[in-house]
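Worksheet for the structure shown next.
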DNA sequence: AATATAAATGCTACACAATTGCATTAATAA
DNA sequence: TTATTAATGCAATTGTGTAGCATTTATATT
Ligand SMILES: [Mn+2]
Ligand SMILES: [Mn+2]
Ligand SMILES: [Zn+2]
Ligand SMILES: [Zn+2]
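What follows is the structure in structure tokens.
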């Protein structure tokens, strides 16, 4: 409570304030996890990392709030259960996600954009998501 | 039971026999639904169409059998719950799926192939799935 | 046609992800 | 400091899918 605030904490507070979200410890800790992760994380990852400090519904509601505000985005890698990652500048455009068959982590590839495809007559494209499976750079 | 067999039923029987699956009424009816559908269908679609003639586990197991044999393929359109479609000749290659925001049906686009993407160094691609959202040709 | 065998089915229970209503508590504004 | 509003915890509930096991059925064999 009285310890000097780390820059990271300041960043998180600003992020919350800029989206008009109250600064609660659940949000601070969950957002901190998300910001510090190189890959997408699930409810279970959060639950494991934070113990049972927060109720399941709080965690899910927190993730939903972040997503509504655009702070994070959801990734469905087909393993049942949604994963999330912070949306960084380069990743605002629709980017590819990569699921490693070996370590089963799912990564944002913010610089790998989804190519345009031409749908058949009558199909109007709004947006698209591309999931790649394979071996990630840490496993190959 | 004694009515003349329709050609469609013969097709279905042959399909089952060619994959060494026993001809049961669950399989006949579920495969008939799948063959007759222009879009992917879910467990719930099957359950609605067939009433409670078949147990939930039978339906799921039937779908899993069909998928293992390659008769159908699974599509995850992010709505929670897997959908299935018969794999037709043109669709054996990885093709795009289209989820309509209006009618919320999900379609195979067997002629729209998934473009190759170049992943960052170290990421080895095995396969990929591309889901497009928008308005389908029946809704536009 | 009767029988044997292996597979499919129905039932029940369970697993897991996620959501909801509601009373309580905490964060911010005034 | 108080009032207001939003967030939280808890318990129950929903939704999707799986699993064990006794029973039934499809098919091959006699
Ligand atoms: Mn991403
Ligand atoms: Mn398809
Ligand atoms: Zn990996
Ligand atoms: Zn439509």
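Protein chains in written order, with our numbering: chain X, 7 to 146; chain C, 7 to 146.
For each residue, glycine too, the CB sits at the ideal point set by N, CA and C.
Predicted, not measured: the structure shown is a model, and the values here were computed from it.
Euclidean distance between Cα positions of residue i and residue j
i, j, result
"residue 34 of chain X", "residue 15 of chain X", "8 Å"
"residue 32 of chain X", "residue 65 of chain X", "7 Å"
"residue 87 of chain C", "residue 126 of chain C", "31 Å"
"residue 41 of chain X", "residue 90 of chain X", "11 Å"
"residue 69 of chain C", "residue 17 of chain X", "49 Å"
"residue 113 of chain X", "residue 72 of chain X", "19 Å"
"residue 59 of chain C", "residue 53 of chain C", "8 Å"
"residue 103 of chain X", "residue 75 of chain X", "21 Å"
"residue 101 of chain X", "residue 21 of chain C", "39 Å"
Cutoff 8 Å; reference residue i; Cβ partners in own chain excluding five residues on either side
i, result
"residue 84 of chain C", "105, 137"
Neighbourhood of residue i by C-beta, 6 Å cutoff - its chain only, sequence neighbours within 5 removed
i, result
"residue 108 of chain C", "141, 145"
"residue 37 of chain X", "18"
Residue-level contact to chain X via CB, residue i, 8 Å cutoff
i, result
"residue 107 of chain C", "yes"
"residue 76 of chain C", "no"
"residue 146 of chain C", "yes"
"residue 50 of chain C", "no"
"residue 18 of chain C", "no"
"residue 70 of chain C", "no"
"residue 81 of chain C", "no"
"residue 40 of chain C", "no"
Residue span of the alpha helix (DSSP H) that contains residue i, given as start and end
i, result
"residue 4 of chain X", "Outside the displayed span of chain X (7 to 146) sits residue 4 of chain X, for which this structure offers no information."
"residue 33 of chain C", "31-42"
Below-8 Å beta-carbon distance, residue i vs any chain C residue
i, result
"residue 134 of chain X", "yes"
"residue 125 of chain X", "yes"
"residue 140 of chain X", "yes"
"residue 130 of chain X", "yes"
"residue 115 of chain X", "yes"
"residue 118 of chain X", "yes"
"residue 60 of chain X", "no"
"residue 5 of chain X", "Here chain X has residues from 7 to 146 only, and residue 5 of chain X is not among them."
Delimiting residues of the beta strand (DSSP E) encompassing residue i
i, result
"residue 91 of chain C", "89-92"
"residue 115 of chain X", "112-119"
"residue 101 of chain C", "101-106"
Close-in-space but distant-in-sequence residues of the same chain around residue i (CB under 7 Å, 5 per side omitted)
i, result
"residue 139 of chain C", "105, 107"
Q) Quick one: complete alpha helix (DSSP H) runs, 4+ long, within the segment 47-86 of chain X? A) Listed in chain order, they are 49-56, 62-75.
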